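Participant: By the working numbering, the letter at position 39 of the sequence shown is numbered 57, and the numbering carries on one by one without gaps. Here a beta-carbon is modelled for each residue, glycine too, at the ideal position from N, C-alpha and C. Keep in mind that this is a model prediction, so the values were computed, not measured. Quick one: the structure is below, and I'll ask about it shortly.
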Amino acid sequence: MSIHTRTMIFALLVSGFMGTASAATGNWQTEVNQSAATLRSGNYSNSLKVADQILSAMVERLGADGADDTMLATALTHKALANAGLGKINEALWYWYIAQEISPAIARTDLSAFGAPGEFLKRHPFTDSDASPSGRVTPARIVKQVVPKFPPGASRFGIGGDLVVQIVIDKNGQPTLPRIVHALPAPTLSFVALEALKHWQFEPARQNGEPVPIVFDLTVHYKL
19 MSIHTRTMIF ALLVSGFMGT ASAATGNWQT EVNQSAATLR SGNYSNSLKV
69 ADQILSAMVE RLGADGADDT MLATALTHKA LANAGLGKIN EALWYWYIAQ
119 EISPAIARTD LSAFGAPGEF LKRHPFTDSD ASPSGRVTPA RIVKQVVPKF
169 PPGASRFGIG GDLVVQIVID KNGQPTLPRI VHALPAPTLS FVALEALKHW
219 QFEPARQNGE PVPIVFDLTV HYKL
């Protein structure tokens with residue numbers, strides 16, 4: 019029997035106005051190219067700042083567009099590469115996995131120009147978790163919650179509904195292996211939900227008194 023811990027958060031935000039089209043892909047290309055150049059130079063601290071600035075702007079402005087999925091996934095990949103270059107392996111994998119969930123094609127991207135960080139990411143494609151202990155398990159306990167915010171861009175374009183994301187809570191109570199179970203049209207909704215979930219704290223699940231990894235599902239109701 020697979021064991022899942024489930025919870026639901028209702029996030030409410032009334033949109034200020036409705037847009038008619040998503041942000042154009044071209045608006046991001048210059049910034050993404052600059053991010054890539056900074057990564058290739060090996061200045062990982064600065065490249066991480068650039069990636070964070072791009073992601074923050076995307077959360078503010080992106081709506082629903084297939085091209086936007088690719089741009090957001092590329093920015094997340096750059097964030098993952100910067101973290102890998104800084105030796106922050108868990109951070110790198112977290113954002114690399116989200117990038118692949120938002121745009122699976124990103125896993126086939128040639129990252130050789132980014133040296134060792136690119137090689138590291140290519141060795142770690144996203145795979146589904148097998149963290150499904152059988153038998154009697156004491157569920158993980160939530161110690162700290164961070165409520166996801168409604169991205170202004172998604173609100174502006176009238177996008178709402180139920181989003182389901184998933185993580186594996188490891189033996190140390192840390193969120194790992196982020197996954198999108200049920201997406202909504204705006205990719206930023208998935209990103210901000212998982213970004214919030216990344217900062218949750220848990221008492222790990224236990225089996226026979228020993229900590230075990232366990233799957234945790236979160237449903238976020240984005241209401242306009």
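#1: Compare the Cα-Cα distances from P170 to each of M76, S59, V50 and E49 and report the closest residue.
#2: Assuming Y62 and L104 form a contact by the criterion Cβ under 8 Å, report the distance between their Cβ atoms to the nearest whole angstrom.
#3: For a minimum of 4 consecutive residues, which ranges assigned as the alpha helix (DSSP H) are wholly contained in the segment 60-104?
#4: My understanding is that K97 touches Y115, with C-beta atoms under 8 Å, so please give their C-beta distance in whole angstroms.
#5: Does T206 pass the burial test, meaning 16 or more other C-beta atoms within 10 Å, or should it be called exposed?
#6: So P193 is in the beta strand (DSSP E); what residue range does that whole segment cover?
#7: Using 10 angstroms around the beta-carbon of V210, count the other beta-carbons present and answer buried if the total reaches 16, otherwise exposed.
#8: Quick one: residues in its chain with C-beta nearer than 7 Å to the C-beta of E221, no 5 flanking neighbours on either side, listed in chain order?
#9: Give me the Cα-Cα distance between L99 and H239, rounded to the nearest whole angstrom.
#10: P135 and A214: beta carbons closer than 8 Å?
#11: So what does DSSP say about R159, is it helix, strand or coil?
#12: Mind checking who I116 pairs with in its DSSP beta bridge?
#13: Can you tell me which of Q219, T194 and D235 puts its alpha carbon nearest to the alpha carbon of H200?
#14: Quickly, what does DSSP pair E228 with across the bridge? List them, please.
#15: With Q219 and V155 assumed to form a contact (beta carbons below 8 Å), what rounded beta-carbon distance in angstroms separates them?
#16: For the alpha helix (DSSP H) that contains V210, what are its first and last residues?
#17: Distance, Cα to Cα, L181 vs D128?
#18: Can you tell me whether F220 is helix, strand or coil according to DSSP?
#19: Rounded to whole angstroms, what is the Cα-Cα separation between W46 and I120?
#20: P244 by DSSP, collapsed to three states: which one?
#21: From which residue to which residue does the alpha helix (DSSP H) around K140 run?
Facilitator: For this structure:
#1: Indexing the sequence shown from 1 puts residue 170 at position 152. Of the candidates M76, S59, V50 and E49, the one whose C-alpha sits nearest the C-alpha of P170 is M76.
#2: Within the sequence shown, residue 62 is the residue found at index 44, counting from 1. Within the sequence shown, residue 104 is the residue found at index 86, counting from 1. With 8 Å as the limit, Y62 and L104 qualify as a contact, their Cβ atoms being about 5 Å apart.
#3: 62-79 and 84-103
#4: The count along the sequence shown starts at 1 and reaches residue 97 at position 79. The count along the sequence shown starts at 1 and reaches residue 115 at position 97. Contact doesn't hold; Cβ gap of about 12 Å is too wide.
#5: Counting from 1 along the sequence shown, the entry for residue 206 is found at position 188. Label assigned to T206: buried.
#6: Counting from 1 along the sequence shown, the entry for residue 193 is found at position 175. P193 to H200 is the span of the beta strand (DSSP E), which, as asked, contains P193.
#7: In the sequence shown, residue 210 corresponds to position 192, counting from 1. That one is buried.
#8: Reading the sequence shown from its first residue, position 203 is the one you call residue 221. Hits under 7 Å: A158, R159, V161 and G191.
#9: As a working mapping, residue 99 is identified with position 81 in the sequence shown. As a working mapping, residue 239 is identified with position 221 in the sequence shown. Roughly 31 Å separates the two Cα atoms.
#10: Counting from one through the sequence shown, the residue named residue 135 turns up at place 117. Counting from one through the sequence shown, the residue named residue 214 turns up at place 196. No. Outside cutoff.
#11: Residue 159 sits at position 141 when you count from the first residue of the sequence shown. DSSP places R159 in strand when its eight states are reduced to three.
#12: The count along the sequence shown starts at 1 and reaches residue 116 at position 98. DSSP output for I116 lists no bridge partner at all.
#13: Position 182 of the sequence shown, counted from the first residue, corresponds to residue 200. Nearest C-alpha to H200: D235.
#14: For the purposes of this step, residue 228 is identified with residue 210 of the sequence shown, where counting begins at 1. In DSSP, E228 forms a bridge with Q225.
#15: The residue given as residue 219 occupies position 201 in the sequence shown. The residue given as residue 155 occupies position 137 in the sequence shown. So it is not a contact: roughly 19 Å between Cβ atoms.
#16: Counting from one through the sequence shown, the residue named residue 210 turns up at place 192. Element bounds for V210: P205 to L215.
#17: The residue given as residue 181 occupies position 163 in the sequence shown. The residue given as residue 128 occupies position 110 in the sequence shown. So the two alpha carbons sit approximately 30 Å from each other.
#18: Start at 1 with the first residue of the sequence shown, and residue 220 comes out as number 202. The answer is strand: DSSP assigns F220 an E or B state.
#19: Residue numbering aside, residue 46 sits at position 28 when the sequence shown is read from its first letter. Residue numbering aside, residue 120 sits at position 102 when the sequence shown is read from its first letter. Using only the alpha carbons, I get a separation of about 17 Å.
#20: Because the chain here runs from 19 to 242, residue 244 falls outside it and cannot be looked at.
#21: Within the sequence shown, numbered from 1, the residue matching residue 140 stands at position 122. Its alpha helix (DSSP H) spans residues G133 to K140.
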